[in-house]
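Positions 41 to 583 (the numbering used here) are the ones given, in order, by the sequence shown. C-beta atoms are modelled at their ideal positions from N, C-alpha and C, and glycine is treated no differently. Okay, structure first, notes after.
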Amino acid sequence: MNDENKRFAVYSRKSRFTGKGESIENQIELCRRYINLNYPNASEKNIFIYEDEGFSGGNTDRPQFKKMMDDASEKKFNVLICYRLDRISRNIGDFAKLIDRLGELGISFESIKEKFDTDSSLGRAMMYIASVFSQLERETIAERIRDNMHELAKTGRWLGGNTPTGYRSVQVQTITVDGKKRSSCMLKIEESEMTAVKKIFEKFLESESLTAVETYMIQNHIKTRKGKDFSRFSIKGILRNPVYMIADSDAWEYLSVLGAEIFAEKSDFDGNCGVMAYNKTLQKKGKTNKIRDIKEWIITTGRHKGVVSGKEWKQVQECLERNSVKAYRKPKNNTALLSGLLYCGDCGHYMRPKIYNSFYKDGEKKFSYLCEMKEKSRRSECSVSNPAGNELDAEVIKEISKLEEDKKELYYILNKAKKTFSDGRESNTEIEELNEGLNVNNRKIASLVENLTELEKTVADKYIIKKIEELHAENELLKKRLYELIKTSENKKSVDVNYITDTLTVWESVIKLIEVRERREVVRTIVDKIIWDGESAHIYFFG
Numbered sequence: 041m042n043d044e045n046k047r048f049a050v051y052s053r054k055s056r057f058t059g060k061g062e063s064i065e066n067q068i069e070l071c072r073r074y075i076n077l078n079y080p081n082a083s084e085k086n087i088f089i090y091e092d093e094g095f096s097g098g099n100t101d102r103p104q105f106k107k108m109m110d111d112a113s114e115k116k117f118n119v120l121i122c123y124r125l126d127r128i129s130r131n132i133g134d135f136a137k138l139i140d141r142l143g144e145l146g147i148s149f150e151s152i153k154e155k156f157d158t159d160s161s162l163g164r165a166m167m168y169i170a171s172v173f174s175q176l177e178r179e180t181i182a183e184r185i186r187d188n189m190h191e192l193a194k195t196g197r198w199l200g201g202n203t204p205t206g207y208r209s210v211q212v213q214t215i216t217v218d219g220k221k222r223s224s225c226m227l228k229i230e231e232s233e234m235t236a237v238k239k240i241f242e243k244f245l246e247s248e249s250l251t252a253v254e255t256y257m258i259q260n261h262i263k264t265r266k267g268k269d270f271s272r273f274s275i276k277g278i279l280r281n282p283v284y285m286i287a288d289s290d291a292w293e294y295l296s297v298l299g300a301e302i303f304a305e306k307s308d309f310d311g312n313c314g315v316m317a318y319n320k321t322l323q324k325k326g327k328t329n330k331i332r333d334i335k336e337w338i339i340t341t342g343r344h345k346g347v348v349s350g351k352e353w354k355q356v357q358e359c360l361e362r363n364s365v366k367a368y369r370k371p372k373n374n375t376a377l378l379s380g381l382l383y384c385g386d387c388g389h390y391m392r393p394k395i396y397n398s399f400y401k402d403g404e405k406k407f408s409y410l411c412e413m414k415e416k417s418r419r420s421e422c423s424v425s426n427p428a429g430n431e432l433d434a435e436v437i438k439e440i441s442k443l444e445e446d447k448k449e450l451y452y453i454l455n456k457a458k459k460t461f462s463d464g465r466e467s468n469t470e471i472e473e474l475n476e477g478l479n480v481n482n483r484k485i486a487s488l489v490e491n492l493t494e495l496e497k498t499v500a501d502k503y504i505i506k507k508i509e510e511l512h513a514e515n516e517l518l519k520k521r522l523y524e525l526i527k528t529s530e531n532k533k534s535v536d537v538n539y540i541t542d543t544l545t546v547w548e549s550v551i552k553l554i555e556v557r558e559r560r561e562v563v564r565t566i567v568d569k570i571i572w573d574g575e576s577a578h579i580y581f582f583g
């Protein structure tokens, strides 16, 4: 095939935003020069560019790489060119699969840095050997970043992320023994928030109950920094966080007995600062973070002030452990139809089923719906009456049955429901994009942290820290949107809208025959929410 008819794919990748070396633009320009030199008659319109910036070479989960492989399958090009082997992949397995796939498609591969001839056995062998060293380099870089994070942690500085309630992050400058200036972050007490934290510890030590603390905070209108009520979950998170513990002799003894690795001298635990704990969670993509064993934590003294003595913090942890043993409740199977749909008209909170140990004559167990805020605040914030659950469910079923009489209204609501579930599929795509955005930002942050340990210029230090803070702020917005989408999509999971359409058209005759789970599924498809005002329930259908 002559040069004029050849079509070229140029792939470039850069995972670390260091501002030096082989930028995306440099890689592309060098590849273009290579094409012009080796294929002088090649047409510019036959050169297709694929760029992935901010992505690791550890896997092939990259948008432009995927697009390139889709185009390869459609024979849009017959030569793949990259600046260097590791721009394609630093993973041996992925690289081998790529070369095999290109061979199947009749596409040649050329790396301008290594200049391997993939048409010869020796050339292919040398290429695989280079790939092995590329993976080794990737693993070495990853290990170095982890080591740098660990070494920074041992200094007691704040490494970024969500600042704990009661603290804010401030930038400080230090001068090293050789006279060089460095910038870092530390935690400083935010008095308006720390008052709430101290009250949480105080009330828990008094009551030994998360529920009692939650009730106290609600009744006294003590809110989180975002203006929301403290939940049992958020209260427990504060009580478990060692950042609030004063680094005193009791703290040293407690952490030592548990086998924690402490990167400080015992004399440093003199009561003048707080405790810093790093490497507390095990984070895996797509999975909930898990708390590591305390033996894996990196413990040191921080630059911040603690607010709870080591003795008190130990008492809190021991009480939480005791409570966790007796906290397990066997899940209850109930027939409540409106779980997750019923809201209190007085305060806007969910109303949950409350099951009683009494029965109707037909053997059906009695229950009512209870406002969560009314329960948590012990009626101080809400006193709405509890509707009889069995009766309210029956009335809702009757209202839905009436839709069968008005076919036009029924099909209008069903079409709205179908659109809602169709939108749910679109939200799944957005969820993937948000996760990818978080991964890209986290890779950038890891790279910047690595640079922070190497650079010596004060000006550069300042801008790197500012960039890390910007990326962190962006991550918080992404996480917030991600949480909203996941919460919405979970409510729409595993629903067969066509089945529900068929069921609704014969609703009255089949309602007694189908399982409670299926009844809930049908109701949630057409009902957006139900508001109980203390006397009546108001049903809001989709549309």
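{"query": "Can you check DSSP and say which residues form a bridge with residue 314?", "result": "286"}
{"query": "Have a look at residue 307 and residue 225 and give me their C-alpha separation to the nearest angstrom.", "result": "24 Å"}
{"query": "Which whole-angstrom value describes the C-beta separation of residue 206 and residue 285, a residue pair presumed to lie in contact below a C-beta threshold of 8 Å?", "result": "Not quite, the Cβ-Cβ distance comes to about 13 Å (not below 8 Å), so this is no contact."}
{"query": "Sort out for me which residues DSSP pairs residue 392 with in a bridge.", "result": "410"}
{"query": "Assuming the contact rule is C-beta atoms closer than 8 Å, residue 335 and residue 300 should be a hit. Round their C-beta distance to whole Å, please.", "result": "6 Å"}
{"query": "With DSSP run on the structure shown, which of helix, strand or coil describes residue 100?", "result": "coil"}
{"query": "For the alpha helix (DSSP H) that contains residue 243, what are its first and last residues?", "result": "231 to 247"}
{"query": "I need the DSSP call for residue 378, collapsed to helix, strand or coil.", "result": "coil"}
{"query": "If we ignore side chains and look at the alpha-carbon of each, how far apart do residue 115 and residue 138 end up?", "result": "15 Å"}
{"query": "Taking C-alpha atoms, which residue in 309, 304, 344 and 310 lies nearest to residue 338?", "result": "304"}
{"query": "Cutting at 8 Å between CB atoms, please list the residues of its own chain near residue 478, excluding the five before and the five after it.", "result": "515, 518, 519 and 522"}
{"query": "For the beta strand (DSSP E) containing residue 74, name the first residue and the last one.", "result": "Note, residue 74: premise wrong, no beta strand (DSSP E); alpha helix (DSSP H) at 64 to 78."}
{"query": "Between residue 320 and the rest of its own chain, which residues show a CB-CB distance below 7 Å, the 5 nearest in sequence each way excluded?", "result": "331, 332 and 337"}
{"query": "Specify, as a first and last residue, the run of the beta strand (DSSP E) that residue 341 falls within.", "result": "338 to 341"}
{"query": "Report yes if the C-beta distance between residue 566 and residue 581 is below 8 Å; otherwise report no.", "result": "yes"}
{"query": "Can you give me the Cβ contacts of residue 428 inside the same chain, cut-off strictly under 6 Å, excluding the 5 residues immediately before and after it?", "result": "408"}
{"query": "Decide if residue 513 is buried, meaning its Cβ has at least 16 other Cβ atoms within 10 Å, or exposed.", "result": "exposed"}
{"query": "May I ask which residues mark the beginning and end of the beta strand (DSSP E) holding residue 54?", "result": "48 to 54"}
{"query": "Taking residue 433 as the reference, give the member of 488, 421 and 556 with the closest Cα.", "result": "556"}
{"query": "On a CA-only basis, which of 559, 341 and 573 is nearest residue 383? Give me that one, please.", "result": "573"}
{"query": "What are the partner residues of residue 90, as DSSP defines its beta bridges?", "result": "51"}
{"query": "Would you list the residues sitting across from residue 488 in a DSSP beta bridge?", "result": "In DSSP, residue 488 forms no bridge with anything."}
{"query": "Would you say residue 562 and residue 381 are within 8 Å of each other, going by their C-beta atoms?", "result": "no"}
{"query": "In whole angstroms, what separates the C-alpha of residue 232 from that of residue 125?", "result": "55 Å"}
{"query": "Can you give me the C-alpha to C-alpha distance between residue 472 and residue 252, rounded to a whole angstrom?", "result": "39 Å"}
{"query": "Quick check on residue 564: does DSSP put it in helix, strand or coil?", "result": "helix"}
{"query": "In chain order, what residues of the same chain lie with their CB nearer than 6 Å to the CB of residue 102, ignoring the 5 residues before and after it?", "result": "92 and 95"}
{"query": "Going by DSSP, which residues form a beta bridge with residue 211?", "result": "225"}
{"query": "Any idea what DSSP makes of residue 398, helix, strand or coil?", "result": "strand"}
{"query": "Classify residue 399: buried if its beta carbon has 16 or more other beta carbons within 10 angstroms, exposed otherwise.", "result": "exposed"}
{"query": "Per DSSP, which one or two residues make a beta bridge with residue 405?", "result": "399"}
{"query": "What did DSSP end up calling residue 300 once you bin it into helix, strand or coil?", "result": "coil"}
{"query": "DSSP three-state label for residue 506, please.", "result": "helix"}
{"query": "Taking just the CA atoms, how far does residue 108 sit from residue 369?", "result": "Only weak support is given to the placement of residue 369: the predicted model assigns it a pLDDT of 49, under 50, and the question is left unresolved by the model."}
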